[in-house]
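Data block below; observations after.
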Amino acid sequence: MKLSTALSDNLPPESIVPAEVLSTLQTPKGYRLSSTGILKVTPRTRTARGYTTRLTSAPMFIVRRVTDILTGEASRQVVWYGPDGWTSRIVARDDLLRPAGLMSLVKYDAPITSLNSKRLVTYFAAMEAKNMEALPSLDCASRMGWLPDGSFLLPDLHFAPDDRPRNILLTPKGNRANLATAWTPQGSWSEWLATVEKVLDYPYMMIALYASAAAPILRLLRLPGFIVDFSGETTGGKTTALRFAASVWGKPTDDYPTTLYSWDVSIPWVESTAGFLHSLPLILDDTKRARQKKVISDVIYSFCQGQGRGRASGHVPTWHSILISSGEGAAPSYSNDAGTRARVLNLSGKPLGSNPQEGAKLSEDIQYVLSSNYGHLGRRVIEYLVSNRENHEQLRKLFELAREEYASIAQSAVGRRHSAHLACLEVAASIVHQLGIPRPERDPFADLVKAAADAGNDADLPLAALYEVVSWSLTNQDHFWGRHDPSCVSKYLPPKAPPTGWAGAWSPKDNWTFIGYTRSRLSELLDSFGHHADEVITAWNNRGWFDNAGRKQMSRVKRVGDHNLRCLCLTREMVEVIANEIQ
214 MKLSTALSDN LPPESIVPAE VLSTLQTPKG YRLSSTGILK VTPRTRTARG YTTRLTSAPM
274 FIVRRVTDIL TGEASRQVVW YGPDGWTSRI VARDDLLRPA GLMSLVKYDA PITSLNSKRL
334 VTYFAAMEAK NMEALPSLDC ASRMGWLPDG SFLLPDLHFA PDDRPRNILL TPKGNRANLA
394 TAWTPQGSWS EWLATVEKVL DYPYMMIALY ASAAAPILRL LRLPGFIVDF SGETTGGKTT
454 ALRFAASVWG KPTDDYPTTL YSWDVSIPWV ESTAGFLHSL PLILDDTKRA RQKKVISDVI
514 YSFCQGQGRG RASGHVPTWH SILISSGEGA APSYSNDAGT RARVLNLSGK PLGSNPQEGA
574 KLSEDIQYVL SSNYGHLGRR VIEYLVSNRE NHEQLRKLFE LAREEYASIA QSAVGRRHSA
634 HLACLEVAAS IVHQLGIPRP ERDPFADLVK AAADAGNDAD LPLAALYEVV SWSLTNQDHF
694 WGRHDPSCVS KYLPPKAPPT GWAGAWSPKD NWTFIGYTRS RLSELLDSFG HHADEVITAW
754 NNRGWFDNAG RKQMSRVKRV GDHNLRCLCL TREMVEVIAN EIQ
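Number 345 in my numbering belongs to position 132 of the sequence shown; there are no gaps in the numbering.
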């Protein structure tokens, strides 16, 4: 019997199942389907009377074959009648054809129990076999963003090139289905645009907008991900800047689901969420809420790499996007790796100006409007990128010209690395201004150039480590053999070593030429200051900061207490350079 005939007194709405699908699909042999449920029919034989067994008290059936274009995984669209009417869910085929998998639908009020799940597996297998050729097919993807065919997927829209019209459905896994609902528009474009006009004179606010719009452009420019970070005192407008960035794509409020998240996250959550968003920005507010400082540096490296850790299931999340962050302290300050500085554009200051009263009033006005008007600009950017594929090469040329220009004024290797990031933001700015965003009178890129230069100056970590080690040495001279406390020396007893042992040797004479550190103590000092000891020691040696008397080895044998120990001897010249700057 056709499903349309079996359910004639209570048909699902067209929004769930088109009428032509119901008129094509059939109930499997041995089963009866009606608005009152599913019956298993056992036919009469010569030796036994026929009978029926009720499987469910409500109808339930398959209406589509669904295939994930990213992984090839097969799913089915299952429809049933529940307490609130007709319901539809995309169910993985391996869940549909095993009792334990079917039980996952119980939370959606499906007419399934532990008693009938096994018999329903047989029913679904029979229905699938009966209608395999008649079941309409549908492509899906388990994440948002750019797809292999050059189209772009959002929760409620699939942007496809004109010559390849195709409907692809977003099928999030787990709680991501709820998360995805925040990435949909609300309110009006004109109301949202009015907030842009209020912040045109605030460069950091415009940079937040450019960074958010730039996320899907990275793929076209073949550029790896990077981070834009806003830091400064509290109540300076950092969170408002992030809400502004989040409103480009969806709901920017605190109540879940939202497009604005907190730094109180785990590495697996960041990898999973970034993988689901893929080409959309990940926005994290307030670094002081991070569970550990190490989480921040780990997120920076993991995010910019664009690939998460492998899972037991074999799935490795990937993404290609921009992370927008905020905090009282700059994100790079949570790590002493130079690589962090090359990945993060830090903008220090107050996004809404130095006047607290004006800034607070403007913040309130902006947040009020953004709470009900959002998600419009991002869709215009995607529509522009998808429908103007012939201009992608032109965008890449614009990017290359801008990168060369920024690289020519960079004064460090880190600054040159950031030249690509600044060029990407410039491409994003040119697109959003074409789409109706007014141009600010003050150029925000002057602030970005300064941020790139500051990152380069802050990235000389071997020099920073030298400051810390020399400062410690000057204030702890009695930890060195030769500069121990003379009051503890007697004719019969040797000088008493510090509790941590001798740090090395330092001559008490005025004409001393170096400070000698034992390798273990210097490594302990560098580790305690948050540096990678081996990397710093190697860099010091390469820069000629050790006095090794012309030998190939970095260390020299020096007398420390009763022993001759190998020491790394920091030259007096470098010690005095730091000492003079400290004073």
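From the three backbone atoms N, C-alpha and C, an ideal C-beta is built for every residue, glycine too. As the structure is a prediction and not an experimental result, all values here were calculated from the model.
Item to complete: Using alpha carbons as the reference points, say which of Ser236, Gly714 and Ser317 lies closest to Ala347.
Response: Ser236
Discussion item. Can you find the residues in the same chain that come closer than 7 Å, C-beta to C-beta, to Ser561, ignoring five residues on each side of it along the sequence?
Written reply: Result list for Ser561: Ser444, Gly445 and Ala543, in chain order.
Fill in: Buried versus exposed call for Arg502 [16 or more other C-beta atoms within 10 Å across all chains shown]
exposed
Worksheet item: Candidates Ser733, Pro226 and Leu351: which alpha carbon is nearest Asn380's?
Response: Comparing Cα positions, the closest option is Leu351.
Worksheet entry | His634: first and last residue of the uninterrupted alpha helix (DSSP H) it sits in | Ala626 to Gln647
Item to complete: Measure the CB-CB distance between Asn761 and Cys780 and report whether it falls below 8 Å.
Response: No, they are not a contact pair.
Discussion item. Just verifying my parser: in three-state terms, what is the DSSP assignment at Ala718?
Written reply: strand
Worksheet item: Using CA coordinates, which residue listed in Glu233, Gln690, Ile430 and Lys663 is at the minimum distance from His491?
Response: Ile430
Worksheet item: Hey, how far is the Cα of Val640 from the Cα of Asn689?
Response: When rounded, the distance between both Cα atoms is 53 Å.
Discussion item. According to DSSP, is Phe516 part of a helix, a strand, or is it coil?
Written reply: If DSSP states are grouped into helix, strand and coil, Phe516 belongs with the helices.
Discussion item. Per the DSSP calculation, Thr255 is bridged to which residue(s)?
Written reply: Tyr264
Item to complete: Can you give me the start and stop residues for the beta strand (DSSP E) that Ile579 sits inside?
Response: Per DSSP, Ile579 belongs to no beta strand (DSSP E); it is in the alpha helix (DSSP H), Pro569 to Leu583.
Practice prompt. Could you check how far apart the C-beta atoms of Ile595 and Cys517 are, in whole angstroms? I think they sit under 8 Å.
Written response: Going by Cβ atoms, the distance from Ile595 to Cys517 rounds to 23 Å, so no, they are not a contact pair.
Worksheet item: Just checking, does the region 716-736 make contact with the region 649-657 on the three C-beta pairs under 8 Å criterion?
Response: no
Discussion item. Tell me the DSSP secondary structure of Tyr336 in three-state form.
Written reply: Shown here, Tyr336 sits in a helix according to DSSP, grouped into three states.
Worksheet entry | Contact belief for Ala678 with Phe742 at Cβ below 8 Å, rounded distance in angstroms | 7 Å
Item to complete: Specify, as a first and last residue, the run of the beta strand (DSSP E) that Thr784 falls within.
Response: His776 to Thr784
Fill in: Top-ranked residue by Cα proximity to Thr280, from Met273, Phe274 and Ser288
Ser288
Worksheet item: Got a sec, what are the start and stop residues for the alpha helix (DSSP H) Ser736 sits in?
Response: Ser736: member of the alpha helix (DSSP H) spanning Arg732 to Ser741, first to last residue.
Worksheet entry | Thr226 versus Ala390 - alpha carbon distance | First, the residue type needs correcting, since residue 226 is Pro and not Thr in the sequence shown. Distance between the alpha carbons of Pro226 and Ala390 is about 22 Å.
Item to complete: Report the rounded CA-to-CA distance for Ser248 versus His589, giving the unit in angstroms.
Response: The C-alpha of Ser248 lies about 42 Å from the C-alpha of His589.
Discussion item. DSSP three-state label for Met273, please.
Written reply: strand
Fill in: Contiguous beta strand (DSSP E) assignments of at least 3 residues, all confined to the region 266-327
273-281, 287-295 and 298-305
Discussion item. Within the continuous alpha helix (DSSP H) that includes Val749, where are the two ends?
Written reply: Ala746 to Asn755
Worksheet item: Would you report the Cα separation of Arg593 and Thr255, rounded to the nearest angstrom?
Response: 58 Å
Item to complete: Would you kindly report the start and end of the unbroken beta strand (DSSP E) that includes Ile420?
Response: Per DSSP, Ile420 belongs to no beta strand (DSSP E); it is in the alpha helix (DSSP H), Pro416 to Ala427.
Worksheet item: When burial is assigned at 16 or more other CB atoms within 10 Å of the CB, is Glu410 buried or exposed?
Response: exposed
Worksheet item: Mind checking whether Asp660 and Tyr417 have CB atoms under 8 Å apart?
Response: Pairing Asp660 with Tyr417 gives a Cβ-Cβ distance under 8 Å.
Practice prompt. Using alpha carbons as the reference points, say which of Val627, Glu286, Leu370 and Leu674 lies closest to His528.
Written response: Comparing Cα positions, the closest option is Glu286.
Worksheet item: Which two residues bound the contiguous beta strand (DSSP E) that contains Gly591?
Response: Run containing Gly591: none in the beta strand (DSSP E); it sits in the alpha helix (DSSP H), Leu590 to Ser600.
Item to complete: May I ask you to verify whether the region 555-575 touches the region 468-477, counting CB pairs closer than 8 Å and requiring at least 3?
Response: no
Practice prompt. Could you tell me the distance, in whole angstroms, from the CA atom of Ala323 to the CA atom of Gly314?
Written response: 13 Å
Item to complete: Can you give me the Cβ contacts of Val645 inside the same chain, cut-off strictly under 6 Å, excluding the 5 residues immediately before and after it?
Response: The beta carbon of Val645 is closer than 6 Å to those of Ala426 in its chain, skipping five residues each way along the sequence.
Worksheet item: Out of curiosity, what's the CA-to-CA distance linking Thr300 and Trp359?
Response: One C-alpha to the other measures close to 29 Å.
Fill in: Under 8 Å between C-beta atoms of Met273 and Ile251
yes
Worksheet item: For Tyr336, is the classification buried or exposed, using 16 other Cβ atoms within 10 angstroms of its Cβ as the cut-off for buried?
Response: buried
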